[in-house]
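Written below as structure tokens is the structure these notes are about.
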Amino acid sequence: MKTKQFFIFFICCITLICILQSCGDDTPSTGTNQNTGVINTTQIGTPNGPPVIASIGPSGGSLISADSSFELIIPAGALSVNTDITVQPVENFCFNGHGAAFRLTPEGQQFSQPVTLRFHYSEEVLQSTYDILMGIARQDALGHWHYFNGVSNDTVNRVISATMTQFGSAGDNNSGGGDVSFFDIAHLEPRAGNVSINNSLGLTVSYEALPGKDGELSHLPRPIGSWWVNEVQNGNNTIGTIINRQGQFATFKAPQQVPTPDIVMVGALVNTNVNYRGQVIETYLLQSRVKIKSNIYRFHLRINELADWYSFSGYPCFLSDGVDMD
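Under the numbering used here, the first residue of the sequence shown is numbered 10, with each subsequent residue one higher.
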């Protein structure tokens, strides 16, 4: 009897431990919206541009990177004393990262109010991916890239933003901040390209699966449902065609003549049916802007030579000749 009671007690203890462990599986709250799953791990970038430095105090302020692609907005009350804040562009090794990454210092700087990170992006970036597939990530001291939750993406003004309450600290892999980058989960490469008539351009759907819960597109890539040129499936002889379709790869074959207009939109329609960030995505179209050029080049060469035997009268004469080459 005692053996049976002990066995039941033992089973109950094990069950309770399992329940407690499952309840503690969520990422601890740090007052910020980062510290999520690791996207990938890379080397840490080195500075590759001029830093922007500003002294910001209790009244708040902002910094804009030298290339105007990144903003750091510090609200009033976030700092108690004047502090030199630096935005330093560095090499960006984040998967599908856009432009430079940015190192925010002083390391370990804490803020009483969340500060806002803003990345500005181009129309080509928006066309090559899907707005909900864009994100912001930070790199910790071990090179791990962590994506931010709760990003806001303004596709009209083409600005994506997130907040944090602490810059990264050297050797601290759990603090918010570190180098920060704008990235996307999937896009069509190249985002924009040039190809001469009768020539070909390789196309690739570049993707990265995010870890975590809530249907985080962990099964990308989904099958490519179809390929399009200017909203025509597989294109045609006038605007160019899609050939050699193999999974996430395809080839765009330019037409025999330059179309009007000479820019076409090549796209891959990806079939999926997942819940991501509270939205159900059934399909998404990734596009690339391709300019089609002529392969006929014209050169005009003109040689001017002083004809001394015509200048005996004191009026110099020039003989001129030219040649056109196609």
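For every residue, glycine included, the Cβ atom is placed at its ideal position computed from N, Cα and C.
Predicted model, so just to flag it, every value in this text is computed and none were measured.
Is residue j closer than 9 Å to residue i when the C-beta atoms are compared?
i	j	result
S209	I301	no
F128	S78	yes
E80	L113	no
W154	F191	no
Q118	I94	yes
T92	I65	yes
I169	Y130	yes
A87	P56	no
S161	S121	no
L295	V214	yes
W237	L212	no
Buried or exposed, going by whether 16 or more other CB atoms sit within 10 Å of the CB of residue i?
i	result
V279	buried
P172	It should be noted that the sequence gives Thr, not Pro, for residue 172. Answer is buried; the Cβ neighbour count reaches 16.
C21	Summary for C21: the model assigns pLDDT 42, below 50, so the residue's position carries little reliability, and this model does not support an answer.
A109	buried
I248	buried
I252	exposed
Q266	exposed
A263	buried
L151	exposed
Q52	exposed
G174	The sequence given here has Thr at residue 174, not Gly. T174 should be labelled buried.
C32	Any answer about C32 is weak, because its pLDDT of 30 lies below 50 and its placement is not dependable; what the coordinates show is given next. Counting Cβ neighbours within 10 Å, C32 comes out exposed, since fewer than 16 surround it.
G287	exposed
G144	buried
S244	In the sequence on display, residue 244 carries Gly and not Ser. Label assigned to G244: buried.
R200	buried
G185	Residue placement at G185 cannot be trusted, given a pLDDT of 48 that sits under 50; what the coordinates show is reported in the next sentence. Flag for G185 reads buried.
Going by C-alpha distance, which of the options is nearest residue i?
i	options	result
I194	V165, L88, S137, T172	S137
F111	G144, V267, P270, P60	P60
G54	N162, D149, P268	D149
D271	N49, F120, N239	N239
V165	V134, P264, I145, Y156	V134
G234	K262, T292, A146, P264	T292
Y156	D188, E198, E132, I290	D188
A63	Q52, P115, H107	P115
G106	P67, K262, T50	T50
P67	P84, D76, G177, F102	P84
I290	Q175, D76, L142	L142
G177	A201, R147, N243	R147
S303	P268, Q288, G287	P268
T281	R254, P232, N243	P232
R167	G159, P199, F102, E132	E132
D140	D163, N158, G159	D163
For residue i, write down the residues that DSSP places opposite it in a beta bridge.
i	result
Q257	Q257 is not bridged to any residue.
Y156	A146
N162	I169
D93	S64
A386	Any question about residue 386 goes unanswered here, given that the chain covers just 10 to 335.
T339	The structure shown does not extend to residue 339, since the chain is modelled only from 10 to 335, so the question has no answer here.
I82	S71, T125
G249	N245
Q216	With the sequence shown as reference, residue 216 is identified as Tyr, and Gln is not the correct amino acid for it. Paired residues: A195.
P56	V99
G211	T260
Consider the C-beta atom of residue i and the heavy atoms of the ligand MG; say whether any pair is separated by less than 8 Å.
i	result
D93	The model on display carries no ligand, and the ligand MG is accordingly not part of it.
Using 8 Å as the threshold, is the region 253-267 in touch with the region 88-105, meaning 3 or more CB pairs across them? Contact fails: fewer than three Cβ-Cβ distances are below 8 Å.
For this session: Could you say if the region 287-300 and the region 265-275 meet the contact criterion of at least three C-beta pairs nearer than 8 Å?
Result: Contact between the region 287-300 and the region 265-275 is present: three or more C-beta pairs spanning the two stretches fall below 8 Å.
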